[in-house]
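Take a look at the structure set out below.
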Amino acid sequence: MTLPVPSSEMKIWNRVCVRLKNRENLMLLILILAHLIPIWVFHSFPSQDGPTHIENANILFDYFNPDRSILRDYYILNTRLEPTWLGHLVLAGLMYIVPTFIAEKIFLSGYIIFLPLSIRYALRGIRPDSGFLTFLMFPFIYNYPLHMGFYSFSYSLPVFFFLVGYWMRNHGQLTLRKTIKLALLSLLLYFCHIVSLVMAYMGIALLTVWLILFDLIRDKRESRFDFQVLRKAFDRRVVPLILAFLPTVIVVVMFLSWQGVESPEIGIRRSFYWMLKDLMQMESLVSFQREESFCSIGLGILFAGLFLYLAVSKIKQRRLDGWDGLLAVVLGYALIYFLAPNAMSEGSFITDRLNLYPFFGFVLWFGVQPYLKAVKRGILLVAIVITAASLGLHTLKYSELNNYLAEYLSGMHLIEPNKTLLPLVFDSQGHGPDGRVLSLKVRPFLHVSGYIAAQRHVVEFTNYEAGAYRYFPVLFRSSLNPYDHIGIKDRSIVWEPPQVDFLTYAGRTGGQVDYVLVWGIQERQRNLEATKSIFQQIKKGYDLIYTCPRTGLMQLYKRKN
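In this note's numbering, the protein residues as written are 487 to 1047.
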């Protein structure tokens, strides 16, 4: 009797079942699914800039739609090879398949899935039994840059680990095919974020130099050293890297040539003491509430304890290998963190991003070391406890913030498509009824109007990507740019309170402000001149059509006939 041949789907399913019998793989799957829950349970993901990314992806999606001519009236497309294109194109592509708010959820889910998998890929490329250290990285998923809405940077993190991991797996045998793959990963990382690209290049360069020196020292001890060894090491390790990274370097140089390296925010940097404190406390894992620092400090203590344990073990055994150069990478990342400006080429919050990389380097170094079973279990237990505490804190905060985000969005059904909207945000961090600040560092109400723009098909005038920067895919036409023609001073359209002149915008530019949305005005702000000016303009030209029912924090005004 001939047994039926299993289908390809059955083969895949059987393979999955075999892998899930491994406890480590099963726990990895459970934690990934747990981190997906906050994305799908709540209507909105609370972030500062995320809604603007959704808004501009929707503009790309709708730009050539004949029914959306208003987009072409106010916006132009940036055709340069900017490093921000990838995330916007992926989001726009998802909008062809699913509704806008689902597209964001799928996009964020991809980041949550790929980050631990990419770390696991890098770790197991160094040492096959080091995959358990992936659990150290789960507390990094919901980090401060993600909550700031830096979606492109967030996606650069898994690509960073895939690039570094691929090089570590193949560093000594980069054939032409592998060099091309490395070049493609490098270009992919450029189109995610330059910071991760620079850090990947720095790590690979330091490790390459370390490995060459390590080989030379070993050969000298064995009395085999000659310059041919050095030349062969250069040909084998350095030349393929130059060939792989050269296309990306050319694109980076082109970007810097038209963008420049300076920024008006270049002087914003913290003291050495505060930067050191932020590094030791893993401040880039703290976003909404100070309680999150208990998890970040606990994780920092775990990293410090693990480093001391491994360092003492190496000293006792007098054991040093090539991959211990990863400690030089950690040191290099720390120096870049302290020395790099907090803003350049119009990009900002650089220090908060760089805060992450020394710990990434540590995890890779941890991955090349052997462990006793008891130590492995201890690492897993502590990492899972910290992960659960961090995820719980974030989930509770998302729930609270979503109540207020729903208030902000509650009147958007009254906004007609193909119109313009001016949001005026007086309280971007949010305050509860008791006066408590809702968000410690992130300003989750600053750009929520991006969701309105994407779902109601309107032009929204605080679109900072289009109005305040030059390296995003969508830009305001200079003659209509609200950052120049509505904001009285530089970016004062998003100040608190805003300083704006919108009543004369139509006469000065030919544009139009059809709706004005006011959010979160505080009593202490009502007597300020900027606030008085806003309500005088509203009184002259607009009618109140909606006030959110629960808190009254949002009022929507429509232009008079």
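Ideal Cβ placement from N, Cα and C applies to all residues, glycine included.
Since the structure is predicted, the reported quantities are computational estimates derived from the model, not experimental observations.
(1) If we count the other Cβ atoms within 10 Å of its Cβ and call it buried at 16 or more, is A860 buried or exposed?
(2) Just to confirm the assignment: which complete alpha helix (DSSP H) runs, minimum length 4, are found wholly within the segment 845 to 933?
(3) Excluding sequence positions up to five away, which residues of its chain have a Cβ less than 7 Å from the Cβ of Y1028?
(4) Taking 7 Å as the limit between beta carbons, can you name the residues of its chain near S965, skipping five residues before and five after?
(5) What does a CB cutoff of less than 7 Å around F677 pick up in its chain, not counting 5 residues either side in sequence?
(6) Leaving out five residues before and five after G1055 in sequence, what residues of the same chain have Cβ atoms less than 7 Å from its Cβ?
(7) G997 to K1025, Cα distance in whole Å?
(8) Ordered along the chain, which non-local residues of its own chain (more than five positions away) have a Cβ less than 6 Å from that of R606?
(9) Are the segment 909 to 923 and the segment 508 to 525 touching, with three or more C-beta to C-beta distances below 8 Å?
(10) Please report whether the beta-carbon of H521 lies at a distance below 8 Å from any beta-carbon of chain D.
(11) What span of residues does the alpha helix (DSSP H) with W653 cover, start to end?
(12) Tell me the rounded alpha-carbon separation between Y890 and P631.
(13) When you compare only the Cα positions, how much space is there between I901 and R554?
(14) Would L788 and A869 qualify as a contact pair, given that the criterion is a beta-carbon distance under 8 Å?
(15) Shortest alpha-carbon distance to L515 belongs to which of F624, V738, L557?
(16) Check whether the Cβ atoms of L907 and F962 sit closer than 8 Å, and answer yes or no.
(17) Identify which residue in Y1032, Q985, Q1041, M1040 has its Cα closest to the Cα of T1017.
(18) So for W1005, helix, strand or coil by DSSP?
(19) Rank Q775, A790, D764, H943 by C-alpha distance to the C-alpha of R922 and give the top, closest one.
(20) Taking DSSP as the reference, what is the three-state secondary structure of I957?
(21) Going by the CB atoms, is the gap between E769 and S782 shorter than 8 Å?
(22) When the Cα atoms are used, what is the spatial distance from F600 to L519?
(23) What did DSSP end up calling T734 once you bin it into helix, strand or coil?
(24) Taking the Cβ atom as the reference point for each residue, do L440 and A829 lie within a distance shorter than 8 Å?
(25) Apart from the five residues just before and just after V735, which ones in its own chain have a Cβ nearer than 8 Å to its Cβ?
(26) My understanding is that P959 touches L692, with C-beta atoms under 8 Å, so please give their C-beta distance in whole angstroms.
(27) For T1033, list the residues DSSP reports as bridge partners.
(28) What span of residues does the beta strand (DSSP E) with L563 cover, start to end?
(29) In the DSSP assignment, what residue or residues form a beta bridge with M740?
(30) Excluding the 5 residues flanking H633 on each side, which residues of the same chain have their C-beta closer than 6 Å to its C-beta?
(31) Return the chain-ordered ranges of every alpha helix (DSSP H) run that is complete within the segment 568 to 604 and spans a minimum of 4 residues.
(32) Since I believe H933 is in contact with P903 (beta carbons under 8 Å), could you give me their beta-carbon distance rounded to a whole number of angstroms?
(33) Suppose contacts are defined by Cβ-Cβ distances below 8 Å. Is S672 in contact with L702 by that definition?
(34) Which class does G746 belong to by DSSP, given the choice of helix, strand or coil?
(35) Does DSSP put E946 in a helix, in a strand, or in coil?
(36) Does G833 come out as helix, strand or coil in the three-state DSSP assignment?
With the given structure in hand:
(1) exposed
(2) 859 to 895
(3) Within the same chain, and ignoring the five residues on either side of Y1028 in sequence, the residues whose Cβ sits closer than 7 Å to its Cβ are V1002, Y1043, K1044, R1045, K1046.
(4) T995
(5) P569, W571, L572
(6) As displayed, the chain neither begins before 487 nor continues past 1047, which places residue 1055 out of reach and without an answer.
(7) 20 Å
(8) G617, T620
(9) The segment 909 to 923 vs the segment 508 to 525: no contact.
(10) Considering every chain present, this structure includes no chain D. It has just one protein chain.
(11) 637 to 656
(12) 22 Å
(13) 15 Å
(14) yes
(15) Among F624, V738, L557, the Cα nearest to that of L515 is on F624.
(16) no
(17) Q985
(18) strand
(19) The residue among Q775, A790, D764, H943 with its C-alpha nearest the C-alpha of R922 is Q775.
(20) According to the sequence displayed, residue 957 carries Tyr and not Ile. Here Y957 sits in coil by DSSP.
(21) Taking the C-beta atoms as reference points, E769 is found nearer than 8 Å to S782.
(22) Approximately 12 Å between the Cα atoms of the pair.
(23) Correct three-state label for T734: helix.
(24) As displayed, the chain neither begins before 487 nor continues past 1047, which places residue 440 out of reach and without an answer.
(25) The answer is none, since no qualifying residue turns up.
(26) Not confirmed; about 34 Å, so no contact.
(27) According to DSSP, which records beta bridges pairwise, T1033 is partnered with Q1041.
(28) L563 -> beta strand (DSSP E) spans 561 to 563.
(29) M740 pairs with nothing; no bridge assigned.
(30) S533, S773, V928
(31) The segment 568 to 604 contains, as complete alpha helix (DSSP H) runs of 4+ residues, the segments 571 to 580 (chain order).
(32) About 20 Å separates the two Cβ atoms, so there is no contact after all.
(33) no
(34) coil
(35) If DSSP states are grouped into helix, strand and coil, E946 belongs with the strands.
(36) strand
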